[in-house]
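K.L.:
All you need for our numbering is the position in the sequence shown, starting with 1, plus 4.
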Amino acid sequence: MLKAIKIIALFIIKHLGGFWLARILNKGNTCVLCYHGFAYEDEYQFRPKLFMRPESFKKRLAWLQDSPYKVVSLSEAINNQHNENLVVLTMDDGWAGTKELVGDSLAEHNFPLMLYVTSYYAQKQGAVINVALAYILWKSVGKTLVIDGSILAINKTYLISVENTVSIVNELCQQIDEVEDFATRQRVLLAIAEQLQVSLHSDDQLMFRSLTAEELTGLQQSNVDIQLHTHRHCSPQNEQEFKLEISQNIDYLQNIELKNTLQHFCYPSGEHYLTQLPWLKESGVVTATTVFSGMLTPDTEHLQISRILDGEDVHQLEFEAELCGLATFLRKLY
Ligand SMILES: [Zn+2]
């Protein structure tokens, strides 16, 4: 209901010239958009910000193509001398759907896109366990899950409900983390999926996997700039651990024939601390993006760049209100 009122209000504001005015006032500022993965099946209903439907993303790109906004790289936006309304496309994690589901659209439009890749699962190749497990349980509300020695070193029965899925996922992930071998951890995941009769495959392709080195290399031909997102998708507050995450991430990505220098970073899950800024500089990083909502302006600290999360649950009018800066202005009012 609230959403419907918001959309009607935005419709009226747009047609009274509010978006146009916001665009005039925001000339020289940039909306940095943030995307994640894409849905093979119904993942867009599970986490609409994490897995957008490919057709929704394709509509956004087509709209941008004919819009008054200029899509530029993050570096160009930072050195913006144009006094135009700019948009930067960023994408986090490196989900396989980036190539399999929207790779053709990225090639067609050839917009500059910064892809922040977390390397552990890219290197290992398997389903990202915590996300895949959350998906399995999301689809299994009302069912019973029996974990015994044939799956993990615990004996426990779970009656899955909407309320307890997060705690069950956390508990199982802790147990799975203790299994040393990657292939065995994947087998545990698939055993749970099988017991709950949830498929983790779409057209014989494993869902929730990361891009391979070959796919990453190929994406560069579509103007995709591969950059840093830590090795294990975490943001340690300890200097040594944080720098190790970055160096392991760099080590993996340097094995790919990269066209660009690795100097841009995205905080995993947006988790960041002021203490990390000098560590990033010492690691050669010149820009870092968060998930705080807002626009990139000439005053923005380059290691704390705000972004706008787009997703399946973002209406076209909400999207346009973000691009012109109206939404950022309204957020400052409350
Ligand atoms: Zn991420």
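Built from N, CA and C at the ideal position, the CB exists for glycine as well.
As the structure is a computational prediction, the values presented were derived from the model and not from experiment.
Any chance the stretch 162-174 sits against the stretch 131-145, with 3 or more Cβ pairs inside 8 Å?
P.N.:
Contact holds: three or more Cβ-Cβ distances are below 8 Å.
K.L.:
Can you look up Ala-292 in the DSSP assignment and give me helix, strand or coil?
P.N.:
Looking at Ala-292 - three-state DSSP - the assignment turns out to be strand.
K.L.:
State yes or no: is the C-beta of Phe-233 nearer than 7 Å to some heavy atom of ligand 1?
P.N.:
For the sequence presented, residue 233 should be read as His rather than Phe. Yes - ligand 1 has a heavy atom lying nearer than 7 Å to the Cβ of His-233.
K.L.:
Out of curiosity, what's the CA-to-CA distance linking Val-76 and Leu-110?
P.N.:
Those two C-alpha atoms are separated by around 14 Å.
K.L.:
Put Thr-265 into one of helix, strand or coil per three-state DSSP.
P.N.:
Three-state result, Thr-265: coil.
K.L.:
In the structure shown, what three-state DSSP assignment does Ser-123 receive?
P.N.:
If DSSP states are grouped into helix, strand and coil, Ser-123 belongs with the helices.
K.L.:
Which of helix, strand or coil does DSSP assign to Gln-244?
P.N.:
Helix.
K.L.:
Helix, strand or coil: how does DSSP classify Leu-223 here?
P.N.:
DSSP places Leu-223 in helix when its eight states are reduced to three.
K.L.:
For Val-91 and Cys-35, which I take to be in contact (beta-carbon distance under 8 Å), what is that distance rounded to the nearest angstrom?
P.N.:
Confirmed, about 5 Å.
K.L.:
Do you know offhand how far Leu-14's Cα is from Pro-58's?
P.N.:
Each residue's Cα considered, the two are about 25 Å apart.
K.L.:
On a Cα-Cα basis, can you pick out the residue from Gln-199, Glu-249, Asn-89 that is closest to Trp-24?
P.N.:
Nearest of Gln-199, Glu-249, Asn-89 to Trp-24, Cα basis: Asn-89.
K.L.:
Please list the terminal residues of the continuous alpha helix (DSSP H) segment that includes Thr-332.
P.N.:
It spans 330-337 - the alpha helix (DSSP H) in which Thr-332 sits, taken as one unbroken run.
K.L.:
For Ala-197, I'd like the list of residues in its chain whose CB is within less than 6 Å of its CB, leaving aside the five on either flank, ordered along the chain.
P.N.:
Cβ within range, chain order: Ile-140, Leu-204.
K.L.:
Could you check the C-alpha separation between Phe-323 and Asp-314 for me, to the nearest Å?
P.N.:
The straight-line gap from Cα to Cα measures roughly 7 Å.
K.L.:
Leaving out the 5 sequence neighbours to the left and right, which residues in its chain are closer than 7 Å to Tyr-127 when beta-carbon positions are compared?
P.N.:
One detail in the question is off: residue 127 reads as Gln in this sequence, not Tyr. Excluding residues within five positions, the ones whose Cβ falls inside 7 Å are Tyr-256.
K.L.:
Just tell me which of Arg-236, Ala-138, Val-228, Gln-231 has its CA closest to the CA of Glu-47.
P.N.:
Taking only the C-alpha atoms, the option nearest Glu-47 is Ala-138.
K.L.:
Looking at C-alpha atoms only, which residue of Ile-155, Asp-208, Phe-269 is the closest neighbour of Gln-190?
P.N.:
That would be Ile-155, whose Cα lies nearest to the Cα of Gln-190.
K.L.:
With a cut-off of 8 Å, do at least 3 Cβ pairs link the stretch 231-245 to the stretch 116-123?
P.N.:
Touching, yes, given that three or more Cβ pairs across the two stretches are closer than 8 Å.
K.L.:
Quick one: what does DSSP say Lys-143 is sitting in, helix, strand or coil?
P.N.:
Residue state, collapsed to three classes: coil.
K.L.:
Anyone know if the C-beta pair for Pro-282 and His-237 falls short of 8 Å?
P.N.:
It is not a contact, given that the beta carbons lie outside the stated cut-off.
K.L.:
On the three-state DSSP scale, how would you describe Phe-212?
P.N.:
Coil at Phe-212, not helix or strand.
K.L.:
Which whole-angstrom value is the C-beta distance of Ala-131 and Leu-215, which I expect to be below 8 Å?
P.N.:
Actually they do not touch by this definition, with Cβ atoms about 13 Å apart.
K.L.:
Would you call Gly-329 buried or exposed, if buried means 16 or more other Cβ atoms sit within 10 Å of its Cβ?
P.N.:
By the 10 Å Cβ count, Gly-329 comes out buried.
K.L.:
Between which two residues does the beta strand (DSSP E) carrying Leu-176 extend?
P.N.:
Where Leu-176 is concerned, there is no enclosing beta strand (DSSP E), although the alpha helix (DSSP H) it sits in stretches over 169-181.
K.L.:
Express the C-alpha separation of Met-211 and Val-135 in angstroms, rounding to a whole number.
P.N.:
Their backbone Cα atoms lie some 10 Å apart in a straight line.
K.L.:
Excluding the 5 residues flanking Ser-60 on each side, which residues of the same chain have their C-beta closer than 7 Å to its C-beta?
P.N.:
Only Glu-316 meet the Cβ criterion.
K.L.:
Please go through the stretch 28-89 and give each complete alpha helix (DSSP H) segment of 4 or more residues, from N-terminal end onward.
P.N.:
Those alpha helix (DSSP H) runs which fall completely within the stretch 28-89 and span 4+ residues are 47-50, 58-69, 78-82.
K.L.:
Of all the options Leu-327, Lys-336, Tyr-338, Thr-148, which has the alpha carbon lying nearest to the alpha carbon of Asn-30?
P.N.:
The shortest Cα separation from Asn-30 among Leu-327, Lys-336, Tyr-338, Thr-148 belongs to Leu-327.
K.L.:
Using three-state DSSP, classify Tyr-256 as helix, strand or coil.
P.N.:
Tyr-256: helix per DSSP, three-state reduction.
K.L.:
Name the DSSP beta bridge partners of Leu-93, please?
P.N.:
For Leu-93, which the question treats as bridged, DSSP gives the partners Leu-37, Leu-117.
K.L.:
Give the DSSP-derived three-state secondary structure of Thr-161 in the structure shown.
P.N.:
Note: Thr-161 maps to strand in three-state DSSP.
K.L.:
Taking Glu-104 as the reference, give the member of Gly-274, Pro-52, Asp-207 with the closest Cα.
P.N.:
The shortest C-alpha separation from Glu-104 is found at Asp-207.
K.L.:
Under the rule that 16 or more other beta-carbon atoms within 10 Å means buried, what is Ile-28, buried or exposed?
P.N.:
By the neighbour-count rule (16 or more Cβ atoms within 10 Å), Ile-28 is not buried but exposed.
K.L.:
Name the residue from Leu-307, Gly-21, Phe-296 whose alpha carbon lies nearest to the alpha carbon of Lys-336.
P.N.:
The candidate whose alpha carbon is nearest that of Lys-336 is Phe-296.
K.L.:
Classify His-19: buried if its beta carbon has 16 or more other beta carbons within 10 angstroms, exposed otherwise.
P.N.:
Counting Cβ neighbours within 10 Å, His-19 comes out exposed, since fewer than 16 surround it.
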